[in-house]
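Data block below; observations after.
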Amino acid sequence: MSFIKDFCQVESNEISLVGGKGASLATMTQAGFPVPPGFIVLTTAFEYFIRENKLDIAIKSILQFLDYKKTHVIESAAAKIQAMIMCEEMPQKIKNEIMHYCSALDSRNMAVRSSATVEDSEQLNWAGQFESYINTPHDKLFHNIQRCWASLFSPRAIFYRFKNNLQKKKISMAVIVQKMIHSQVSGTAFSMNPLTNNTNCIMIESVFGLGEALASGYITPDSYLVHKSNFSLIKKEIYTQEKTIIQSPSGGNEWCQLPIEKGQCQKLPDNDIVRLSKIIRAIEKLYPIPINIEWAKEKEHFYLLQSRPITSNIPGRDHNKKTESGLFSYGAYTANLLANNATYHRPQTFNGIPVSRGITKGKVRLILYKDEIHKLQTGEILVTEIATPELISAIHKAAAIITDEGGQESHLAIFLSREMQKPCIIGTKIATKFLQNGDLIEVNGDKGSVSILEHQHTILGNTEQDLKLFDL
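Position 378 of the sequence shown, counted from 1, bears residue number 378 in full-length UniProt numbering, the numbering being contiguous throughout.
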């Protein structure tokens with residue numbers, strides 16, 4: 001029995017062995033696109049590990065009568081299953097095969113990434129629910145592969161499985177091991193404009209450092225809109241980036257502050273935007289529908305880290321507009337007022353990036369810390385600084401979601417826009433500063449607007465004291 005395949009060895013019908021992410025990397029590699037070299041630890045390895053350690057019956061018994069709508073129940077079940085997986089030893093025959101393939105990579109550190117057999121299909125999207133361990137040193141390789149296996153039973157993944165009635169479906173986990181790319185700039189790209197569903201455009205999002213900064217939701221990326229036919233730049237929006245994620249010398253990643261001047265720069269120069277757009281246009285020809293790409297740039301070379309179908313229409317502005325001008329407003333005016341300590345009244349309406357359609361009204365619930373998630377009540381509108389996957393298991397209670405930060409490719413944005421069908425607006429910059437618990441608001445997920453209908457407290461004026469309250 002073989003437990004590993006190189007990207008070049010994967011057949012087109014082997015998604016059950018390599019998972020969705022593994023299949024996409026194999027497809028791009030075999031088509032000649034620049035993918036970091038690597039191999040896939042097949043689902044057969046995970047299943048052999050489970051059988052050899054007799055964990056299958058124990059896992060089934062824990063999940064059999066699970067009430068997935070209770071967050072604490074999901075978290076308890078996940079903790080038990082993940083502990084069982086991490087406590088067992090990986091069989092030596094799997095270790096031997098991994099080391100054989102690993103020696104051919106000639107890489108000091110590696111990227112270890114989950115690839116579930118249900119991940120990134122056209123029907124469902126599991127973005128952000130399984131783990132990846134970038135910059136893994138050799139002495140942590142086996143451990144991190146097991147952590148990827150264990151992430152199949154994270155609270156988020158268990159909730160999603162039950163929500164979509166997949167608890168009886170066989171779901172397995174492959175693991176991708178690749179040579180580590182030392183990226184100075186990373187990001188995502190869409191072979192369409194996801195805000196207007198215009199398939200004649202390419203949208204690129206970019207951040208300094210590793211792409212995990214973008215997926216985390218902490219960073220609002222630069223956005224570049226490119227015409228697909230002639231690769232002319234239609235529009236670009238540059239956001240200041242204060243911090244980035246870099247590779248730690250001891251392994252793993254770490255946040256670090258960016259110099260002010262660098263953080264204010266455009267992440268990709270115009271000529272690189274055109275180069276990347278041409279790659280995206282070529283990759284799109286491999287798929288029958290528009291795609292979403294994860295990419296990284298090391299020195300002068302672009303590398304492709306993932307491709308997946310865009311599985312839903314993401315709302316935008318006026319679909320009948322003939323031009324794309326003004327597309328990236330996103331409340332930049334009010335954000336600029338805040339940044340420059342301007343005098344203002346608390347606005348009745350502000351804007352953000354719309355990522356999930358719908359219009360609803362409800363009372364605000366500010367969630368600024370993880371231990372506050374339990375305070376969210378059914379029907380309230382969740383307002384938070386960043387879109388993190390930790391919110392997913394409780395999000396079914398919320399009527400809508402609003403965040404200060406995040407781009408189209410933050411994991412919560414993907415999850416909400418494609419699965420939960422709840423209005424969601426991200427990247428407002430100011431929501432947690434202007435909104436208060438109990439405010440009655442209207443969330444318009446079609447236009448990306450938030451309207452305050454009734455204040456819980458008195459509206460603040462434009463005094464110096466009021467500005468201090470906003471931490472300006």
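Each residue gets a CB set at the ideal place from its N, CA and C atoms; glycine is no exception.
Straight-line gap, Lys169 to Lys21 (C-alpha atoms, nearest Å): For the purposes of this step, residue 169 is taken as residue 169 along the sequence shown, with counting starting at 1. For the purposes of this step, residue 21 is taken as residue 21 along the sequence shown, with counting starting at 1. So the two alpha carbons sit approximately 19 angstroms from each other.
Local conformation of Glu300 per DSSP, three classes: Here the question's residue 300 lines up with position 300 in the sequence shown. Residue state, collapsed to three classes: coil.
Unbroken stretches of the alpha helix (DSSP H), 4 residues or longer, contained in the segment 146-205: With a minimum length of 4 residues, the continuous alpha helix (DSSP H) runs that stay inside the segment 146-205 are 155-163.
Paired residues, beta bridge with Glu442 - DSSP: Taking the first residue of the sequence shown as position 1, residue 442 is located at position 442. DSSP lists Lys361, Ser451 as the bridge partner or partners of Glu442.
Residues near Pro42 by beta carbon distance below 8 angstroms, same chain, minus five either side: Within the sequence shown, residue 42 is the residue found at index 42, counting from 1. Here the sequence assigns Leu to residue 42, which means Pro is not the residue at that position. If we look at Leu42 and ignore the five residues flanking it on each side, its Cβ neighbours are Ser2, Phe3, Ile4, Lys5, Leu17, Val18, Ala174.
Spatial distance of His138 from Met110 (CA atoms): Working through the sequence shown from its first residue, we reach residue 138 at position 138. Working through the sequence shown from its first residue, we reach residue 110 at position 110. Rounded to the nearest angstrom, the two C-alpha atoms are 8 angstroms apart.
Phe231 - partner residues in DSSP beta bridges: Locating residue 231 in the sequence shown gives position 231, counting from the first residue. Per DSSP, none; premise fails for Phe231.
For Glu224, three-class secondary structure by DSSP: Position 224 of the sequence shown, counting from 1, holds the residue named residue 224. Glu is not the amino acid found at residue 224; the sequence shown has Tyr there. Tyr224 falls in the strand class under three-state DSSP.
Straight-line Cα distance separating Ser107 from Ala23: In the sequence shown, the residue the question calls residue 23 occupies position 23. In the sequence shown, the residue the question calls residue 107 occupies position 107. Between Ala23 and Ser107, the alpha-carbon positions lie close to 22 angstroms from each other.
Best match in Tyr218, Ile353, Gln92 for proximity to Ile386 [C-alpha to C-alpha]: For the purposes of this step, residue 386 is identified with residue 386 of the sequence shown, where counting begins at 1. With distances taken between Cα atoms, Ile386 lies closest to Tyr218.
Status (buried if at least 16 other CB within 10 Å, exposed otherwise) for Trp255: Residue numbering aside, residue 255 sits at position 255 when the sequence shown is read from its first letter. Exposure of Trp255 is indicated by the presence of fewer than 16 other C-beta atoms within 10 angstroms of its C-beta.
Runs of beta strand (DSSP E) wholly within the segment 93-124 (minimum 3 residues, chain order): 109-116
CB contact flag (Ile359, Gly445, <8 angstroms): What you label residue 359 is simply residue 359 of the sequence shown in a count that begins at 1. What you label residue 445 is simply residue 445 of the sequence shown in a count that begins at 1. For Ile359 and Gly445, yes; Cβs fall inside 8 angstroms.
Closest by C-alpha distance to Leu440, when choosing among Ile392, Lys361, Ala431, Ile74: Counted from its first residue, the sequence shown places residue 440 at position 440. The residue with the shortest Cα to Cα distance from Leu440 is Lys361.
Option nearest Ser58 by Cα separation, candidates Ala78, Cys148, Glu212, Gln377: Working through the sequence shown from its first residue, we reach residue 58 at position 58. Note that residue 58 is Ala in the sequence shown, not Ser. If we check each option's Cα against that of Ala58, Ala78 comes out closest.
Cβ pair Gln82, Phe153 closer than 8 angstroms: Position 82 of the sequence shown holds residue 82. Position 153 of the sequence shown holds residue 153. Against a cut-off of 8 angstroms, the Cβ pair of Phe153 and Gln82 comes out as a contact.
Among Lys140, Ile158, Lys80, Glu88, nearest to Gly252 - alpha-carbon criterion: Reading the sequence shown from its first residue, position 252 is the one you call residue 252. Closest option to Gly252, Cα to Cα, is Lys140.
Stretch-stretch touch, CB-based, cutoff 8 angstroms, three pairs: the segment 195-203 with the segment 225-241: yes
Closest Cα partner of Lys370 within the set Ser115, Asn271, Asn351, Ile392: Stepping through the sequence shown from its first residue, residue 370 is reached at position 370. Comparing Cα positions, the closest option is Ile392.
Option nearest Phe162 by Cα separation, candidates Lys422, Arg308, Ile74, Lys297: Position 162 of the sequence shown, counted from the start, is the residue given in the question as residue 162. Taking only the C-alpha atoms, the option nearest Phe162 is Ile74.
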